[in-house]
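J.: Quick one: structure below, then a few questions.
Residue numbers (UniProt numbering): 1 to 243.
Below, the structure is given as structure tokens:
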């Protein structure tokens, strides 16, 4: 079952026209997921890495699935960060093999009779997931699932009692609940999986692949990525500091 968003159709037209503009070789167009609280971490990493290489970065927000489609079609140069395996479905994407961070997938609900995050306990419940979330490929078949375009919509559906459980990255869910004024929603115990996040580059910008591989490797070895992750983890606990 699918929950559509009329906004996406208009957004897609605007984005396509926007991406059609000429981009200089010194600019890298990077797609990001709209309404994702983890985006500031990725932007910090990309600004540092591409800046060290002498590139300017232009960020384009889009819904999760649309973001990958735009990149695969060549309307962007890179994707900020996604879990492993995107290159298996989108064949124009090349993964940079340096983990930017790790995400932990959790579950959120307003129901008192559900306490544990496990696929087994979700068999007879209505689940909500952001469209394009590749981690959901590991979920068993047969689950009743509603798809939305943006993470905040999952919490809206919970509040409206249209779904029973929202599946999303744990820190994203906690951040949205805290900043969005959602009440009566709790995070279930445990996690549904954890995944490393990687930067992806379109094959048409193949010159960036070895450069970014070397730069991100250097940032990892020098502890820069670790420091950025730790600083962001502290900031996301204080939502006002991300604004």
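Backbone N, C-alpha and C fix where the C-beta goes; we use that ideal spot for every residue, glycine too. The model shown is predicted, which means the values in this text are computed figures rather than measured ones.
Whole angstroms is fine: what's the gap from residue 57's alpha carbon to residue 77's?
T.: Taking the straight line joining both Cα atoms gives about 10 Å.
J.: Going by beta carbon distance, what residues of the same chain come within less than 8 Å of residue 30, once the five residues before and after it are set aside?
T.: Correct list, in chain order: 46, 57, 58, 59, 60, 76, 77, 78, 79 and 80.
J.: Under the DSSP definition of a beta bridge, which residues are partnered with residue 167?
T.: 107 and 129.
J.: Under three-state DSSP, which class holds residue 307?
T.: Summary: the structure shown does not reach residue 307, with the chain confined to residues 1 through 243, and so no result is reported for it.
J.: What does residue 186 pair with, by DSSP beta-bridge criteria?
T.: 109.
J.: Kindly provide the ranges of any beta strand (DSSP E) runs that are 3 or more residues long and lie completely inside the segment 28-101, ordered along the chain.
T.: Counting only runs of 3 or more, we get 56-62 and 78-83.
J.: Are the CB atoms of residue 110 and residue 224 within a distance shorter than 8 Å?
T.: Not closer than 8 Å, so no.
J.: Rounded to whole angstroms, what's the CA-CA distance from residue 197 to residue 137? Just pull it up for me.
T.: If I take the Cα positions, the gap works out to 16 Å.
J.: Is the shortest distance between the beta-carbon of residue 199 and the beta-carbons of chain B less than 8 Å?
T.: Within the model displayed, chain B is absent; a lone protein chain is all it includes.
J.: Would you grab the beta carbon distance between residue 220 and residue 106 for me? Rounded to a whole angstrom, and I think it's under 8 Å.
T.: At roughly 26 Å, the Cβ-Cβ gap does not stay under 8 Å, so residue 220 and residue 106 are not in contact.
J.: So, helix, strand or coil for residue 193, using DSSP?
T.: Correct three-state label for residue 193: strand.
J.: With DSSP as the reference, label residue 148 as helix, strand or coil.
T.: Strand, per DSSP.
J.: For residue 153, count the other beta carbons within 10 Å of its own beta carbon; 16 or more makes it buried, fewer makes it exposed. Which is it?
T.: With 16 or more other Cβ atoms within 10 Å, it is buried.
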